[in-house]
Every structure is written in C-alpha cells, then in structure tokens.
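Quick note, the sequences are listed as chains X and F, same order. Using numbering that gives the first Met the number 0, you'd call the opening residue of the first sequence number 0 and step up by one each time. Using numbering that gives the first Met the number 0, you'd call the opening residue of the second sequence number 0 and step up by one each time. Where is the CB? At the ideal position from N, CA and C, for every residue including glycine. Some notes on the structure that comes next.
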Amino acid sequence: MTEDKIKALDDKIRQSEGREGKYLTFVLAGEEYGIGILKVREIIGMMTITTVPQTPSYVKGVINLRGKVIPVMDLRLKFNMQAMEYTERTCIIVVEITGPARKIPMGIVVDSVSEVLNIKSSDIEETPNFGSKLETDYILGMAKTGDGVKILLDIDKVLNDEELTALERSA
Amino acid sequence: MTLNQKLLLGSGASASLILFGGITGYLAAGGYLTDVIGKDAVMSILVLGTALGVALALGIGLMVSRSISGAIKRAVGGLADSTTQVSAASSQVASASQSLAEGASAAAAAIEETSSSLEEMSSTTKKALDNSTFMTKTGDITFALMKSSHRSLRETDACMKRIGESGAEAAKIIKTSDEIAFQINLLALNAAVEAARAGEAGAGFAVVAEEVRNLAMRSAEAARNTESIIGEMTREIKEGMALVAKTLEEFYKMGDEGKKTNALIKEIDSVMEQQAQGIEQINRAIAEIDRITQQSAANAEETASAAEELSAQAAQMESLVTGIDSIIGGGVGGVLTVRL
Numbered sequence: 000m001t002e003d004k005i006k007a008l009d010d011k012i013r014q015s016e017g018r019e020g021k022y023l024t025f026v027l028a029g030e031e032y033g034i035g036i037l038k039v040r041e042i043i044g045m046m047t048i049t050t051v052p053q054t055p056s057y058v059k060g061v062i063n064l065r066g067k068v069i070p071v072m073d074l075r076l077k078f079n080m081q082a083m084e085y086t087e088r089t090c091i092i093v094v095e096i097t098g099p100a101r102k103i104p105m106g107i108v109v110d111s112v113s114e115v116l117n118i119k120s121s122d123i124e125e126t127p128n129f130g131s132k133l134e135t136d137y138i139l140g141m142a143k144t145g146d147g148v149k150i151l152l153d154i155d156k157v158l159n160d161e162e163l164t165a166l167e168r169s170a
Numbered sequence: 000m001t002l003n004q005k006l007l008l009g010s011g012a013s014a015s016l017i018l019f020g021g022i023t024g025y026l027a028a029g030g031y032l033t034d035v036i037g038k039d040a041v042m043s044i045l046v047l048g049t050a051l052g053v054a055l056a057l058g059i060g061l062m063v064s065r066s067i068s069g070a071i072k073r074a075v076g077g078l079a080d081s082t083t084q085v086s087a088a089s090s091q092v093a094s095a096s097q098s099l100a101e102g103a104s105a106a107a108a109a110i111e112e113t114s115s116s117l118e119e120m121s122s123t124t125k126k127a128l129d130n131s132t133f134m135t136k137t138g139d140i141t142f143a144l145m146k147s148s149h150r151s152l153r154e155t156d157a158c159m160k161r162i163g164e165s166g167a168e169a170a171k172i173i174k175t176s177d178e179i180a181f182q183i184n185l186l187a188l189n190a191a192v193e194a195a196r197a198g199e200a201g202a203g204f205a206v207v208a209e210e211v212r213n214l215a216m217r218s219a220e221a222a223r224n225t226e227s228i229i230g231e232m233t234r235e236i237k238e239g240m241a242l243v244a245k246t247l248e249e250f251y252k253m254g255d256e257g258k259k260t261n262a263l264i265k266e267i268d269s270v271m272e273q274q275a276q277g278i279e280q281i282n283r284a285i286a287e288i289d290r291i292t293q294q295s296a297a298n299a300e301e302t303a304s305a306a307e308e309l310s311a312q313a314a315q316m317e318s319l320v321t322g323i324d325s326i327i328g329g330g331v332g333g334v335l336t337v338r339l
C-alpha cells in the first residue's frame, strides 16, 4: 500500500516534471491554450485551404506547405465551439501528431497565436475532475499565469485513435 | 329861411309889385273916379282892392311854391333812397371783401404751414432716399462678400475632401505596417520554435527571437495607436464635411433670401425716388397756390378799400341830400328817416 502510494506520487512528480517547459500559447474563443513547443513544427498565417470531400466537418481540408500536403482541422469545430470567420489574425499551427504508426504533420486553425511561454512545473495543476464521464485526456493540465489559467493541450490525444488512423490513411 | 318860405316871399313880393302897379294905376284911375263918385267911396274901393290883391298874390305865391317844392321833394326823396341803398350795398361789399381778405390771409397762413410741413417731409424723404440708396450699395457689397465666402466654403470643402483622402491613404500604409508587424511576430515565434528544437544550443537564439518579437509587438502597438488617431481624424473630417455641406446648403438659402432682399431694396429705392419727385411737384403746386392766395388776399384788400371809399362817398351824398332837404323845408325832412 505504501509502496503503491510512493509510486503514484513518483509518477505524478515525473509527469509534472515532464510537463515543465516551453509552450506555444494561442487564443481560441477568448481562452488561452498552450501546446508543447516541441510538438510545433511551425506557425503560418492563414492560407488557401483546399476542401476535401467526405471528411468530418472539423477537417477544413489540406494546404500545400512548401510542397507538402498537410491536413488542416479547425480546433473551434473540433471542440464544438461556434465557427468564426477567419481574420488576418487567424493562424495555422503546424504540429506533429504521434499517430499509431508514424508522426503525422497536421495544421490546426486557431483564432490567433500569442507567444512562447516557459511554464514551470509548480505552475501546472492537474485537470480538475468535471465528472467521470467527461473525457479530459487531451488536457495535460492547467497552467497558472498571472491571474489567468491556460489550458495545456496534449495534441496527440485531441484526435482519438480512429481519427488518427483515418488521417494516416489520407495523408 | 326854407325854400318854401323864400318861394312864398318871392311870389308875395311879385304879387305886391303887381299889386303896387295895379294900385298906382288904380290910384290914377281913382283920381279920376274921385271926381266922379266921391272920395270915401274911392277910399273903400281902394282898401278892398288892396286887400283882394294881397290875398290873390299870397294865393298865387303859395301855389307856385307848392308846385316847385313838391317836384324837388320827390327827386330828393328818390335820391335819398338810392343813397341809402348804395350806402348799404357798399357796406355789404366792404364787409364781404373784408371777410374775403381775412379768409385769404388765413388760407395763406395754412398754406405757409402746409408748405413748411412739406419742406420737412421733403427733407425726410430725401434722407430716406439717401438711406435706401446707401442700403442698395450695402446690399450689393454684402452680395459680393457672400459670393466670395461661398467660394471659400467650396474650397474648404475640397480641402477637407483631400485631407480625408490623405487620411485614408495613411490608414492603408498603417495597415501595411501592422501586417508587417504581424508577419515579424510569426517569424519570431517560428524562430522561438526552432530555438526550442535546438535545445541548449538554441537558448541564445531564443532570446534574440524574443527580442524580435517584442519589437514586432511594439511596432504593432504603434500601428494600432496611429490607426486609432487616423480613425478619429477621419471621423472628424467627416463631421467637418457634413458641417460644411450644411453650411453650404444654408448659404444657398441665404443667397436666395439676399437676392430677394436686394430686389426689394432696389424697388424701395425707386419708389422713394418717385415719392421724392412727387413731393417736389406738390411743393411747386403749393407755391403756386400760395402765390394765387396772396394775390387774392391783396385783391380783397383793394376791394375792401374801394368799398370803404364808396361808403364814404355815399355818406357825403347823404349829407348833400340832407342839405337839399333842409333847403326845401322841414316838411319834407321825413325822406331821410334812414340815417347811415
């Protein structure tokens, strides 16, 4: 029992230590989110998206990024938020999602990109339990900055395995 | 001694002379008779004859005097009547011409007053005419000034439009610089991502990226401030243009009213001129009336004095008639019962 507890605590510490580091923060519907910077390949302004038929609504289509075709999804739509007209502040963050088979480059559309923040593990808190049925796997934790809270996303888990497999196939 | 008495005396005397002649003759005859019939009888016949002669003489004298004085008395009576009438008429004429003279002089005084009132009116009209002429000139000047300020207003409008265009141009430039700042920000973030990937080696690069990003942010901030200032400026220019447009509109209205006023002033001016001319004419007419009135006053004065003269003549004539009357005798004095 004691060993278990120690192990759990150890895990937690290791986990939180793993979460410490630089995050790229962005805004979505007025809220600040963060993605681990090592997941980010690059940040680009909005560009022409070619829509692909028979894809889920949150998949906006594909872009041609310097000769590479990359799928793009709208994070607002993925998070069941109200869609918004793209402005000159709208950005595409190209991330690398670790799929079941390989790393998939993927663009995610956000309202605007803010900054690169160094977040200490002491500023990161566990995701509160909103209820057993609510999946909060895709949230790494809550980062306290100033008097606000930034939601740190585990971008690998934003899409579930099925979706990832589908993406892998299409990419 | 009245004429009657004189006549009586004359006829008596002539009768006595005749009688005396008779008596003388008679006496001569008597001398012859005495010889015939006696002295006493002759004496009595003589006395009786004398008495008879005297009575006859007296009777004839009375008759003669009566017939002459009656005719004269009638003539004098008619003369007295005429004199009375002339006297009455002349006094009427005198009083009438007197009142005519008085009326004429009163009219002359009234005309004098009218004339002076007219003089005053004439000078007032002249002043008003001067004023209206001046007003016409002022109206013309005002109109010219309005035209020139209208031109200035239009220029102001065009100038505001140009400023507005410049503002829009500046806003475009600011937008471009804001876009550039955004791109630099993205680049800095990408650099930060690259630096993070480089791990320890990228630490220095990360600092540079952060600095570049700060600069981009400041540039964006400056662009935003400038944009808001330009926006305010644009809004104010729009307000100014609206004001100018409103002023122009009011100006057009004012111009219309001014034209009307000018036309009215010119009309008043011409009316005033006509009035002045009319008053001048009235003045001349009044002067003519004045002259005529004074002449008729003088004429009335002359008539009055002539009537006076006539009256005096009538009085003299009356006294002459009285004299004749008294010569004829008091018996006929009744003809001058009306004394003038």
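*Going by C-alpha distance, which of X:L64, X:P70, X:G98 is nearest D155 (chain X)?*
Here the question's residue 155 (chain X) lines up with position 156 in the first sequence. When only C-alpha atoms are compared, the closest one is X:G98.
*Within the segment 46-133 of chain X, ranges of the alpha helix (DSSP H) (whole runs, at least 4 residues)*: Counting whole runs of 4 or more residues, the segment 46-133 of chain X contains the alpha helix (DSSP H) stretches 74-77.
*asked:* Between the segment 147-166 of chain F and the segment 239-253 of chain F, can you find at least three pairs of beta-carbon atoms closer than 8 angstroms?
replied: Three or more pairs of CB atoms, one per stretch, sit closer than 8 angstroms, so the segment 239-253 of chain F contacts the segment 147-166 of chain F.
*Check the Cβ of K44 (chain X) against every Cβ in chain F and list those closer than 8 angstroms, keeping chain order.*
Position 45 of the first sequence, counting from 1, holds the residue named residue 44 (chain X). First, the residue type needs correcting, since residue 44 (chain X) is Gly and not Lys in the sequence shown. Here the neighbours are F181, Q182, L185.
*CB contact check: L23 (chain X) to chain F, cutoff 9 angstroms*: Numbered from its first residue, the first sequence carries residue 23 (chain X) at position 24. Closer than 9 angstroms to some Cβ of chain F, the Cβ of L23 (chain X) qualifies, so yes.
*Under a Cβ-count criterion, where at least 16 other Cβ atoms within 10 Å of its own Cβ denotes burial, should M134 (chain F) be classed as buried or exposed?*
One-based indexing of the second sequence puts residue 134 (chain F) at position 135. Buried: at least 16 other Cβ atoms inside 10 Å.
*Output the boundary residues of the beta strand (DSSP E) element that contains I267 (chain F).*
Position 268 of the second sequence, counted from the first residue, corresponds to residue 267 (chain F). Element bounds for I267 (chain F): not the beta strand (DSSP E) but the alpha helix (DSSP H), 202-327.
*Are there 16 or more other CB atoms within 10 angstroms of the CB of T358 (chain F), so buried, or fewer, so exposed?*
Since the first and last residues shown for chain F are 0 and 339, residue 358 (chain F) lies out of range.
_Collapsed DSSP secondary structure at V334 (chain F) in the structure displayed_ = Residue numbering aside, residue 334 (chain F) sits at position 335 when the second sequence is read from its first letter. With a pLDDT of only 45 at V334 (chain F), under the threshold of 50, the placement of this residue in the model should not be trusted; the figure read from the coordinates follows. Correct three-state label for V334 (chain F): helix.
_I want to see whether chain F comes within less than 9 angstroms of V115 (chain X), judged by CB atoms only; does it?_
For the purposes of this step, residue 115 (chain X) is taken as the residue at position 116 of the first sequence. Closer than 9 angstroms to some Cβ of chain F, the Cβ of V115 (chain X) qualifies, so yes.
*Could you work out which residues of chain X lie near R223 (chain F), taking near to mean beta carbons separated by less than 8 angstroms?*
Here residue 223 (chain F) is taken as the residue at index 224 of the second sequence, counted from 1. Residues of chain X passing the Cβ test: none, with the nearest at roughly 12 angstroms.
*In the DSSP assignment, find the unbroken alpha helix (DSSP H) run with L128 (chain F) in it and report its ends.*
Here residue 128 (chain F) is taken as the residue at index 129 of the second sequence, counted from 1. Per DSSP, L128 (chain F) is one residue of the alpha helix (DSSP H) stretching across 38-196.
*CB of T124 (chain F) within 9 angstroms of CB of D268 (chain F), strictly*: As a first step, residue 124 (chain F) must be located in the second sequence, where it is residue number 125. As a first step, residue 268 (chain F) must be located in the second sequence, where it is residue number 269. Contact flag unset, no.
*Which class does G29 (chain X) belong to by DSSP, given the choice of helix, strand or coil?*
Taking the first sequence and counting its residues from 1, the one referred to as residue 29 (chain X) is at position 30. In the structure shown, G29 (chain X) sits in coil (DSSP, three-state: anything other than H, G, I, E or B).
*For R40 (chain X), which residues from the same chain have a beta carbon less than 8 angstroms from its beta carbon, with the 5 sequence-adjacent residues on both sides left out?*
Numbered from its first residue, the first sequence carries residue 40 (chain X) at position 41. The answer, listed in chain order, is V93, V94, E95, P104.
*Where does the unbroken beta strand (DSSP E) through K143 (chain X) begin, and where does it stop?*
The sequence position of residue 143 (chain X) within the first sequence is 144, counting from 1. From DSSP, the beta strand (DSSP E) with K143 (chain X) extends over 138-144.
*Note down the Cα distance separating E118 (chain F) from G257 (chain F), rounded to an integer number of angstroms.*
Residue numbering aside, residue 118 (chain F) sits at position 119 when the second sequence is read from its first letter. Residue numbering aside, residue 257 (chain F) sits at position 258 when the second sequence is read from its first letter. Those two C-alpha atoms are separated by around 35 angstroms.
*asked:* DSSP three-state label for L158 (chain X), please.
replied: In the first sequence, counting from the first residue as 1, residue 158 (chain X) sits at position 159. DSSP, read as helix, strand or coil, puts L158 (chain X) in coil.
*Reducing DSSP to helix, strand and coil, say where T164 (chain X) ends up.*
For the purposes of this step, residue 164 (chain X) is taken as the residue at position 165 of the first sequence. DSSP places T164 (chain X) within a helical segment (H, G or I) once states are collapsed to three.
_L188 (chain F): contacting residues in chain X (beta-carbon distance under 8 angstroms)_ = Counting from 1 along the second sequence, the entry for residue 188 (chain F) is found at position 189. In chain order: L23, I42, V112, E114, V115.
*asked:* Taking only three categories from DSSP, how would you classify T24 (chain X)?
replied: In the first sequence, counting from the first residue as 1, residue 24 (chain X) sits at position 25. If DSSP states are grouped into helix, strand and coil, T24 (chain X) belongs with the strands.
*Where does M42 (chain F) land, buried or exposed, given buried means 16+ other C-beta within 10 angstroms?*
Mapped onto the second sequence, residue 42 (chain F) falls at position 43. That one is exposed.
*Name the DSSP bridge partner or partners of L152 (chain X)?*
Counted from its first residue, the first sequence places residue 152 (chain X) at position 153. Under DSSP, L152 (chain X) shares a beta bridge with X:I34, X:I138.
*Closer than 9 angstroms, CB to CB, is I36 (chain X) near chain F or not?*
By 1-based counting over the first sequence, the position of residue 36 (chain X) is 37. Taking 9 angstroms as the CB threshold, I36 (chain X) lines the interface with chain F.
*Across which residues does DSSP place E41 (chain X) in a beta bridge pair?*
Counting from one through the first sequence, the residue named residue 41 (chain X) turns up at place 42. Paired residue(s): X:V93.
*So what's K4 (chain X) in DSSP terms, helix, strand or just coil?*
If you number the first sequence from 1, residue 4 (chain X) lands on position 5. In the three-state reduction of the DSSP assignment, K4 (chain X) falls in the helix class.
*Distance between G140 (chain X) and K6 (chain X) (C-alpha atoms, nearest Å)*: One-based indexing of the first sequence puts residue 6 (chain X) at position 7. One-based indexing of the first sequence puts residue 140 (chain X) at position 141. Answer to the nearest angstrom: the Cα atoms are 20 angstroms apart.
*Report yes or no: is there a C-beta of chain X within less than 9 angstroms of the C-beta of A205 (chain F)?*
Along the second sequence, one-based indexing puts residue 205 (chain F) at 206. Closer than 9 angstroms: yes.
*Identify the residues that DSSP records as bridge partners of G147 (chain X): which are they?*
As a working mapping, residue 147 (chain X) is identified with position 148 in the first sequence. Answer is X:T144.
*Buried/exposed call for E2 (chain X), threshold 16 Cβ in 10 Å*: Working through the first sequence from its first residue, we reach residue 2 (chain X) at position 3. In the assembly as shown, E2 (chain X) is an exposed residue. Its beta-carbon has fewer than 16 other beta-carbons within 10 Å.
*Neighbour flag for I5 (chain X) against chain F, beta carbons, 9 angstroms*: The residue given as residue 5 (chain X) occupies position 6 in the first sequence. With a threshold of 9 angstroms between beta carbons, I5 (chain X) makes no contact with chain F.
_Buried versus exposed, by CB contacts within 10 Å (16 or more), M181 (chain X)_ = Look at the range of chain X in this structure, 0 to 170, and you will see that residue 181 (chain X) is not part of it.
*Three-state secondary structure assigned by DSSP to F19 (chain F)*: Against the second sequence, residue 19 (chain F) aligns to sequence position 20. DSSP, reduced to helix, strand and coil, places F19 (chain F) within a helical segment of the structure shown.
_chain F contact residues for V39 (chain X), given Cβ-Cβ distances below 7 angstroms_ = Here residue 39 (chain X) refers to the residue found at position 40 when the first sequence is read from its first residue. By Cβ distance, chain F contributes V192.
*asked:* If you measure between the beta carbons of L158 (chain X) and Y32 (chain X), is that distance less than 9 angstroms?
replied: As a working mapping, residue 158 (chain X) is identified with position 159 in the first sequence. As a working mapping, residue 32 (chain X) is identified with position 33 in the first sequence. No. Outside cutoff.
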